[in-house]
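Input: a single structure, listed below in C-alpha cells.
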Amino acid sequence: MSLKVYNSLSRRKEEFKSITEGHVGMYVCGPTVSGESHLGHARPYVTFDVIHRYLKHLGYKVRYVRNITDAGHFEEEGREAEDKIAKKALLERLEPMELVQKYTNLFHWAMNEFNTIPPSIEPTATGHIVEQIVMIEKIIADGYAYIANGSVYFDVEKYNTDFSQIGMPYGILSGRNLEDQLETTRELDNQEEKRNKSDFALWKNAPPEHIMRWPSPWGEGFPGWHIECSAMSNKYLGDQFDIHGGGMDLQFPHHECEIAQSAVVNHKTMAKYWIHNNMITINGRKMGKSYGNQIMLSQMFSGDHPLLDQPYHPMTIRFFILQSHYRSTLDFGNDALKGSEKAFKRLWEAYVVLQGLNGTPLTVNSQPMTEASLSSSTTVNGERTAVDEQVNTLLNEFDEFMNDDFNTAKVLANMFELAPIINGIKDKHIPITELQPATLSLLKSKMKTYIEDVFGLKQEQQGGDKLEGVLQLLMTLRKDAKTKKDFVTSDRIRNELTALGVLLKDEKDGGMSYSIQ
RNA sequence: GGUUCUGUGGCCGAGUGGCUAGGCAAAGCUCUGCAAAAGCUUCUACAGCGGUUCGAAUCCGCUCGGAACCUCCA
C-alpha cells in the first residue's frame, strides 16, 4: 500500500516516490505579513501540517520550508508601483520591519494555536535579497530577462518558445497557453517598460517614496514577488525537490512564474509534485482581501465579528478543515462550525474513554505479547467476533484513506464509526471480550497515532491538576449526596457547575465524569 | 472572452460505474431520582434533460446555476 498524491502538474493522482529515498523536501508558500492572517490562511497551513505529519508518520525525514514574505509587492501593478507593506506602514506610522514583525508574531501565534509543527526552515524574503539578485543575474545572463529603467523583467515569450521544445511551456501548471493570454491583454496596461504584457518583474526599481529598498546591479529597488520562492526553495531544497505546496489561487501566476524562473536556472521543473489546497469560502465566495469578507483568526478565536455567533476554538477550526478533503472548497458557516465543535467534542470524549478501557489480560498462549503479535490481525483467541472484525477493518482503512491523497475526511468518518463501539464497551452494551486483546491494543495505539500525531488534534481545554482535584472532590460530594438521596445537594452541585461551564455526567455504574465547555 | 473546477438530504461534507460515508440538526426509544452524556432507531439525497451500460450521484452530451484564476491574494 503506497501513498498516492494528486499532482496539479499532471492533474492526476500519482504514486509518491521521493527523489532521495527516505527523505522529502517540501516547500510551501507562506504568508505575506503585511496584515493579520484570516480564516482562509488556516486552510493551507493546517493541510500541509497534516501532510507533513503524515509523511513523518510514514517514516520520511522531511525538510519543510515555508517562507515569510516580508518584502512586499505592488499594490497595483502598472499604476503606482507602491509597496503594500510600505504603504500600510505609513498609515500606521510604523517602521516597515516593525509591522512585519508584528504580523509575523501574530501568524506564529495563530499557527501555534492550531497546533501546527513549525517548518524546518522559515526563510524570509528580506533575508535572501542576495540569493535573489544572484538568481536574477543568471536569468539575465542566459538571455531570459531584460533590464528597463532599473527594473528587470522576465521574457516570457522567449522562455515559452525555447522551453516548449523540452516539454516545459509557460503555462504547464495552470493549463494556460501564452497565445490566449496575449489576446486577452487589458487596456489599462501602460507599462512601456515591458516588452510583453505577460512578462513579469524579477526586480523592481524603487520610486523615491518607497521605503523598502536594496541596492542591486540595476539600481535601488526590491525583488519581484515570484523570485523569492524560487531562490529560497533552491537554496534549501536544491534544484529539484519533492513537494511544492500552496493555495490554488497561487497556481497562476505565482507558481507558473516560479517554474519558469527555476527552469531557466536549473533546466528542470523545480518540484516533482505540486499540491494545491482549495479555498475556504463564505457564502460560496472565496474569503479574501479583495472581497472584504475575511474573518481574522483572532476574531475566530474571540468571536468578535458580526458574522460569528460565538467564538470558535482553534481545534474546532482544525477539525472543521480536516472534515473535508483539502482539494474541495470548504464553506464557512456558523452551523457548520458549531457542528464541528460538537462532533470534535464527541470524538475526543470517546477517545478519552478508550484510553481508560482495559481488556482481558494479555495471556496469549502464556507468551508475552510482542509488538508484532499486538499489531497483527490474525486470530489469537479462536473465533473473531463481528465487532472485532469491524474494528480491525475500520482501523486498517485509516492508512488506506490517508494514502489516497490524504483523505482525512474518510478517516474521521471511520473514527465516528468506532466511537459507538468504544462507548458501547464503556456502557457494557458490548462486552469487552468481543474485542481481542490485540484488537483493543491496536485500537488504542492507532487512534492515538492518528488523532494526536497525524491530525495534530489536542484537547481543547486542559483542566490542570488543581482543577482536576477540585472537580474530583465535588464529584465525590455529589455521589455521596446521591447515595443519601439528597437530590437538593446533588442537583445544586451539578447545576452550579453547569452554570460555570462544567458538565457532570453520571455513568452507568455509578461513576461520574465531567467535561469543560 | 480564455483556463480550471463545481452543483450531494434542513446545514456541513465523503464518495468516480453496482455493496446506497460521516458529522450537526430534528424525531422516537433505552438507560437515569431528574437531567446531561451515551446507546439504539428514524429521516436516505445526488441541479435538469438526454445518452452509454444489465446497472450511473459516479462516464458522455446539452441546458441551467455557482466558484477560482487571467490584477495582490492561502
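Heads up, the final residue of the first sequence is numbered 518 in our numbering, and it's a clean run with no missing numbers.
Even for Gly, the Cβ is constructed at its ideal location relative to N, Cα and C.
Only a predicted model underlies this, so the values are computations on that prediction, with no experimental measurement involved.
Given K346 as reference, the closest of I452, Q241, P432 and T127 once Cα atoms are compared = I452
inquiry  = DSSP has A146 in a bridge; who is on the other side?
reply    = F155
Identity of the residues DSSP links to E15 by a beta bridge = V6
message = Can you list, in chain order, the residues of its chain with a C-beta nearer than 7 Å to that of K14? Leave out the 5 residues immediately preceding and following it.
response = K5, V6, Y7 and D406
request  = Below 8 Å on the Cβ atoms is my guess for D156 versus Y171; work out the distance and round it to an integer in Å.
outcome  = Their Cβ separation, rounded to whole angstroms, is 10 Å, which puts D156 and Y171 out of contact at 8 Å.
query = Is DSSP giving P216 helix, strand or coil here?
reply = coil
ask   = With a CB to CB cut of under 6 Å and the five nearest residues on each side skipped, what residues in its chain are close to L472?
value = Y515
key: Span of the alpha helix (DSSP H), counted from its first residue to its last, around K57   = L40 to H58
key: Cβ neighbours of Q518 in the same chain (closer than 6 Å, five flanking residues each side left out)   = G502
query = Tell me which same chain residues have a C-beta within less than 8 Å of the C-beta of Q241, skipping the five on either side of it?
reply = I20, N267, K269, T270, M271, A272 and K273
query = For the putative contact between Q133 and I228, defined by C-beta atoms under 8 Å, what is the C-beta separation to the nearest angstrom?
reply = 5 Å
inquiry  = Given this structure, state the Cα-to-Cα distance separating W349 from M233, to the nearest angstrom.
reply    = 40 Å
request  = Between the Cα of G357 and those of F488, K445 and E194, spot the shortest distance and give me the residue it belongs to.
outcome  = K445
request  = Buried or exposed for R495, please, with buried defined as at least 16 other CB atoms from any protein chain shown within 10 angstroms of its CB.
outcome  = buried
query = Which residues bound the beta strand (DSSP E) around S516?
reply = M513 to I517
key: Exposed unless 16 or more other CB atoms sit within 10 angstroms - verdict on I167   = exposed
ask   = Among Y65, L395, G465 and L308, which residue has its Cα nearest to the Cα of Y237?
value = Y65
task = Would you kindly work out how many angstroms separate the C-alpha atoms of P369 and H109, rounded to a whole number?
result = With a pLDDT of only 39 at P369, under 50, the local geometry of the prediction cannot be trusted, and the value read off the model is given with reservation. About 46 Å.
query = Alpha carbon to alpha carbon, what distance is there between T409 and K449?
reply = 15 Å
message = Please report the distance separating the alpha-carbon of V101 from that of T125.
response = 10 Å
key: Candidates P432, E418, G512 and G222: closest to N359 by CA position   = P432
key: Nearest-angstrom beta carbon gap, W204 and I137 [assumed within contact, 8 Å]   = 6 Å
query = How should V353 be labelled, buried or exposed, when 16 other C-beta atoms within 10 angstroms of its C-beta is the threshold for buried?
reply = exposed
ask   = Going by DSSP, what residues sit across from N424 in a beta bridge?
value = DSSP output for N424 lists no bridge partner at all.
Distance CB(Y154)-CB(A261) smaller than 7 Å = no
key: Beta-ladder partner(s) of F488, from DSSP   = According to DSSP, F488 bridges with nothing at all.
task = Just mark F417 as buried or exposed, buried being the case when its beta carbon has 16 or more other beta carbons within 10 Å.
result = exposed
ask   = Do the segment 20 to 35 and the segment 105 to 123 touch if we need at least three Cβ pairs shorter than 8 Å?
value = yes
From N404, D71, Y147 and N178, residue whose alpha carbon lies closest to that of M213 = D71
inquiry  = Mapping the DSSP letters down to three states, classify V29 as helix, strand or coil.
reply    = strand
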